[in-house]
Amino acid sequence: MKFYDVADLAVRNLRESVFRNSLTTIGISVGVASLVAMLSLGIGLQQLASRRLQKSGLFDTVVASSRRDLRNFREQREEGPAPAESPSLDEPSRRKIEKIPGVVEVYPDIRFATEVRFDDKPHLTMVAGIPFSARNNNDAFDGMQGSFFSSDASPEVILQKSFAEELLGIIPKPGTDNTNIAALAKSLLGKELTLRYAERTPSPSSAGSNDGAAYSVVSRQRALKIVGLTDLDPDSMRGTTKARVFLPLNFAQDLHVMQSNSRDTSASDSPSYTSLSVRVENPNQVPEVEDAIKKMGFNAFSLIDATRSMRQFFAVLDGFLAIFGSLALAVASIGIVNTLVMAILERRREIGIMKALGASDADVRGLFFAEAGAMGLVGGAVGVALGWAIGRLINFGTNIYLERQHFPPAQIWSVPLWLVLSAIAFSIVVSLLSGLYPASRAARLDPVQALRYE
Amino acid sequence: MEISEPNPVAVRTENACRHYQMGEALVRAVDGISIDIRAGEFVALLGASGSGKSSLLNLVAGLDRPSSGAVIVHGTDLAALSRDQLAKYRLHTVGMVFQSFNLIPSMSLLENVELPMRFAEVDRRHRSALARRSLERVGLSGRLSHRPMELSGGEQQRASLARALINRPQLLLADEPTGNLDSRTGTEIMELIHTLNRSLGMTVLMVTHEQSLAEKYAGRMLHLADGKLVNDVPTDRVSNISSGPVRAPWGETQ
Chain A
0 MKFYDVADLA
10 VRNLRESVFR
20 NSLTTIGISV
30 GVASLVAMLS
40 LGIGLQQLAS
50 RRLQKSGLFD
60 TVVASSRRDL
70 RNFREQREEG
80 PAPAESPSLD
90 EPSRRKIEKI
100 PGVVEVYPDI
110 RFATEVRFDD
120 KPHLTMVAGI
130 PFSARNNNDA
140 FDGMQGSFFS
150 SDASPEVILQ
160 KSFAEELLGI
170 IPKPGTDNTN
180 IAALAKSLLG
190 KELTLRYAER
200 TPSPSSAGSN
210 DGAAYSVVSR
220 QRALKIVGLT
230 DLDPDSMRGT
240 TKARVFLPLN
250 FAQDLHVMQS
260 NSRDTSASDS
270 PSYTSLSVRV
280 ENPNQVPEVE
290 DAIKKMGFNA
300 FSLIDATRSM
310 RQFFAVLDGF
320 LAIFGSLALA
330 VASIGIVNTL
340 VMAILERRRE
350 IGIMKALGAS
360 DADVRGLFFA
370 EAGAMGLVGG
380 AVGVALGWAI
390 GRLINFGTNI
400 YLERQHFPPA
410 QIWSVPLWLV
420 LSAIAFSIVV
430 SLLSGLYPAS
440 RAARLDPVQA
450 LRYE
Chain B
0 MEISEPNPVA
10 VRTENACRHY
20 QMGEALVRAV
30 DGISIDIRAG
40 EFVALLGASG
50 SGKSSLLNLV
60 AGLDRPSSGA
70 VIVHGTDLAA
80 LSRDQLAKYR
90 LHTVGMVFQS
100 FNLIPSMSLL
110 ENVELPMRFA
120 EVDRRHRSAL
130 ARRSLERVGL
140 SGRLSHRPME
150 LSGGEQQRAS
160 LARALINRPQ
170 LLLADEPTGN
180 LDSRTGTEIM
190 ELIHTLNRSL
200 GMTVLMVTHE
210 QSLAEKYAGR
220 MLHLADGKLV
230 NDVPTDRVSN
240 ISSGPVRAPW
250 GETQ
């Protein structure tokens with residue numbers, strides 16, 4: 000029989016006992032819906048988590064540093080040139096790293112501990128330069144008070160909430176985190192603070208010479224305008240050296256601050272950097288970029304191992320969710336077997352007639368298969384819609400709860416196209432597998448027996 | 000009228016047996032029957048119920064396989080065919096008519112007649128016209144979209160004849176075709192089958208328990224009892240073997 004005829008006869012047969020077949024199909028829908036709802040939540044949570052983590056800069060950033068810099072994140076045991084022979088991390092190296100495939104941007108790591116004066120009171124803190132691209136890439140600036148820097152070189156500053164509290168002399172009670180950031184912002188935004196720092200300038204005697212180790216340190220101060228306040232910690236990767244005051248990167252660079260770990264041999268036009276932050280397009284590319292940087296003779300460091308375990312966690316979570324979701328589908332597949340076996344009993348005579356007229360085993364088998372497949376297709380499609388609705392409902396409910404708890408709303412639910420398609424495909428496959436036994440039983444039916452009883 | 004060459008053998012059974020186990024007892028439904036039926040013959044199988052006539056018909060129809068012996072149709076031993084080949088044989092070589100008509104109740108007459116063409120993968124565009132013509136020829140042109148249950152027994156049997164012939168088989172097997180009909184409609188059906196036999200030269204093997212029908216229409220009567228052939232007699236009716244072309248109700252001439 001041709002495909003059209005198989006499909007046509009199958010649909011006819013399904014319509015003949017429309018009530019029973021609908022019930023079976025609803026069973027499949029519920030199974031698929033539970034699977035889709037479970038997985039959409041699993042995928043949504045995973046996306047939420049990886050979005051947060053990616054924006055935190057923890058997992059798409061490789062920190063490159065010179066081996067000459069003996070003070071580093073951790074003791075380096077990698078093979079490679081000895082510190083004294085390794086290349087210096089200067090502008091040409093920065094451009095070279097920028098050309099590694101997958102690298103989005105490479106910017107110097109400017110951070111220094113210094114004194115900040117506000118209201119004529121001194122405060123000591125770590126200051127860091129933030130690249131302009133962080134506006135879109137760092138989650139910490141998503142829900143911030145005020146605004147991001149107006150340009151990459153403007154004398155503006157963004158404060159971390161805890162430093163803002165310090166400036167205003169607010170000491171949060173331990174264990175509570177209820178300082179109203181909006182109130183902090185009200186009293187700080189637009190005000191000025193003074194940055195006092197030590198500028199390193201080349202000594203007039205050695206200006207222009209590359210090996211000139213002579214430079215002088217000049218004490219300077221700049222007034223900066225407070226434009227923003229962040230609740231989250233934009234610099235969470237840095238541990239003890241994390242900054243609480245942020246400047247536009249270019250502006251910070253132009254200050255030529257004498258950095259604490261600076262061991263430049265030169266203060267000339269081509270400075271060498273203490274370390275470079277290398278932002279990578281996709282966390283998956285981090286290991287390759289890390290290797291490439293190491294091959295160039297620098298130290299490289301990333302937190303990629305942490306993403307691996309996160310991905311592992313979500314793979315296990317999705318696995319569990321899929322298993323629970325599939326249970327309902329397994330029950331539904333028993334429904335298909337039952338419906339089709341019933342159909343064989345009911346249509347025994349009809350099968351006998353078809354065989355007497357010349358239908359082959361394959362024709363009869365194909366017919367039952369098509370019926371199972373059609374129920375799987377319809378059940379899968381309805382189930383995806385249902386699962387989508389259930390996921391939305393859970394998302395909606397969760398957001399109401401989050402709102403009551405004064406958390407920002409989150410998208411914890413996601414139904415990507417591949418989930419829609421694979422859920423329907425899975426439903427059809429499960430239905431066909433369920434149809435396997437009834438179909439072969441129908442195909443093997445003895446026409447003489449089937450036609451004997453009136 | 001000159002004596003023509005006898006037609007070739009259409010159906011031959013060689014010591015065909017169909018035995019099956021029913022509980023403890025071995026039932027010999029067909030027990031060593033050897034017959035030759037020539038192409039174009041109209042043969043009636045007679046016997047009491049349980050004599051094995053339907054079992055023999057099923058063997059010839061390829062619905063069942065002999066336990067031993069051979070059933071040879073147009074030179075092919077059915078026992079040697081695979082299940083698929085047997086299905087093809089039923090599809091193309093045999094047309095079957097049953098006592099209970101066996102039309103599919105959920106389909107209209109037109110769809111019922113079209114059904115064998117679906118299995119034969121006849122082009123979809125031609126099917127409807129072919130089925131329509133076939134139904135017109137058995138006088139059912141006004142009933143195309145009716146369901147079988149909306150028709151009389153005679154009409155249903157005509158429809159089932161139209162269905163049996165749609166793939167142009169060479170062999171028509173009829174299992175008590177008039178068993179569920181009153182005598183007048185039964186006669187109509189028999190006339191129809193008889194015309195088929197004469198006009199198309201179609202070989203007919205008909206199971207019946209009505210001797211009078213057999214004598215009137217068949218050219219030869221095979222009497223069965225307890226699965227064995229007990230009598231093989233020609234009726235005085237001349238079968239179509241040497242008769243000239245007769246216009247069939249469907250207008251085709253041999």
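Chains as they are written, first to last, in numbering that gives the first Met the number 0: chain A, 0 to 453; chain B, 0 to 253. Don't be surprised by glycine CBs; every beta carbon is placed ideally from N, CA and C. This one's a predicted model, so the numbers in the text were calculated from it and none came from an experiment.
TODO: Alpha carbon to alpha carbon, how far is R51 (chain A) from P407 (chain A)? Give it in angstroms, no decimals.
DONE: Taking C-alpha positions only, P407 (chain A) is separated from R51 (chain A) by approximately 13 Å.
TODO: Sort A:P282, A:S325, A:F297 and A:F300 by Cα distance to S308 (chain A) and report the nearest one.
DONE: A:P282
Open item on the list: Need the endpoints of the beta strand (DSSP E) that N14 (chain B) sits in, please.
Closed with: V8 to M21
Open item on the list: Counting only Cβ-Cβ distances shorter than 7 Å, please list the residues of the segment 129–156 of chain B near chain A, keeping chain order.
Closed with: Within the segment 129–156 of chain B, not one residue has a Cβ closer than 7 Å to any Cβ of chain A.
Task: the segment 434–445 of chain A / the segment 15–29 of chain B touching (three or more Cβ pairs under 8 Å) - done: no
TODO: Tell whether a beta-carbon distance below 7 Å holds between L108 (chain B) and A173 (chain B).
DONE: no
Task: Closest Cα partner of G334 (chain A) within the set A:M0, A:A182, A:F2 and A:T23 - done: A:T23
Open item on the list: For H91 (chain B) and E110 (chain B), what's the separation of their Cα atoms in angstroms?
Closed with: 18 Å
- [ ] Check D63 (chain B) in the structure and name its three-state DSSP category.
- [x] If DSSP states are grouped into helix, strand and coil, D63 (chain B) belongs with coil.
- [ ] Show which residues of chain B have a CB atom less than 7 Å away from the CB atom of P446 (chain A).
- [x] L62
Task: Assigned secondary structure, Q159 (chain A) (DSSP; H/G/I helix, E/B strand, else coil) - done: strand
Open item on the list: Between which residues of its own chain and A380 (chain A) is the CB-CB distance below 7 Å, once the five residues before and five after are set aside?
Closed with: I423
- [ ] Could you spell out the range, first to last residue, of the alpha helix (DSSP H) harbouring I192 (chain B)?
- [x] Per DSSP, I192 (chain B) belongs to the alpha helix (DSSP H) from S182 to L199.
- [ ] List the residues of chain A that M95 (chain B) touches, going by C-beta distances under 8 Å, in chain order.
- [x] A355 and L356
Open item on the list: Just to confirm, is the Cβ distance from L171 (chain B) to V203 (chain B) under 7 Å?
Closed with: yes
- [ ] Excluding the 5 residues preceding and the 5 following A78 (chain B) in the sequence, name in chain order all residues of the same chain whose CB lies nearer than 7 Å to its CB.
- [x] R64, P65, A69 and V70
TODO: Using a threshold of 7 Å, state whether the C-beta atoms of F285 (chain B) and A358 (chain A) are closer than that.
DONE: Chain B is shown from 0 up to 253; residue 285 (chain B) falls before or after that span and cannot be answered.
Task: F250 (chain A): first and last residue of the uninterrupted beta strand (DSSP E) it sits in - done: No beta strand (DSSP E) holds F250 (chain A); the alpha helix (DSSP H) holding it covers L248 to D253.
Task: Same chain, Cβ closer than 6 Å to I34 (chain B), neighbours up to 5 away in sequence not counted - done: Only T12 meet the Cβ criterion.
Task: Proximity below 7 Å, CB of G382 (chain A) to CB of S430 (chain A) - done: With respect to S430 (chain A), G382 (chain A) sits apart: the two C-beta atoms are not nearer than 7 Å.
Task: Counterpart residues of F245 (chain A) in DSSP-defined beta bridges - done: A:A127 and A:I157
Task: Beta-carbon spacing of L62 (chain B), P437 (chain A) below 7 Å - done: no
- [ ] Could you tell me if V237 (chain B) is buried or exposed, where buried requires 16 or more neighbouring beta carbons within 10 angstroms of its beta carbon?
- [x] Confidence at V237 (chain B) is low in this model, with a pLDDT of 48, below 50, so the placement of that residue should be treated as unreliable; the coordinate-derived value is given next. Result: exposed.
TODO: Report the option in B:R123, B:Q210 and B:Q20 whose CA atom is closest to the CA atom of F2 (chain A).
DONE: B:R123
- [ ] Would you grab the beta carbon distance between M37 (chain A) and F323 (chain A) for me? Rounded to a whole angstrom, and I think it's under 8 Å.
- [x] 6 Å
Task: Any chain B beta carbon closer than 7 Å to E349 (chain A) - done: yes
Open item on the list: Any beta carbon of chain B sitting closer than 7 Å to that of M0 (chain A)?
Closed with: yes
Open item on the list: Determine, for E345 (chain A), whether the minimum Cβ-Cβ distance to residues of chain B falls below 7 Å.
Closed with: no
Task: Assigned exposure category for D59 (chain A) - 16 Cβ within 10 Å defines buried - done: Buried, by the Cβ-count rule.
TODO: Would you kindly work out how many angstroms separate the C-alpha atoms of H222 (chain B) and N20 (chain A), rounded to a whole number?
DONE: 49 Å
Task: Distance CB(M220 (chain B))-CB(V232 (chain B)) smaller than 7 Å - done: yes
Task: Inter-stretch contact (C-beta, 8 Å, three-pair minimum) for the segment 383–392 of chain A and the segment 133–140 of chain B - done: no
Open item on the list: Let me check one thing: in DSSP terms, what residues is V72 (chain B) bridge-paired to?
Closed with: B:V10 and B:T75.
Open item on the list: Which residues in chain A have a C-beta closer than 9 Å to the C-beta of A86 (chain B)? List them in chain order.
Closed with: K354, G357, A358, S359, D360, A361 and D362
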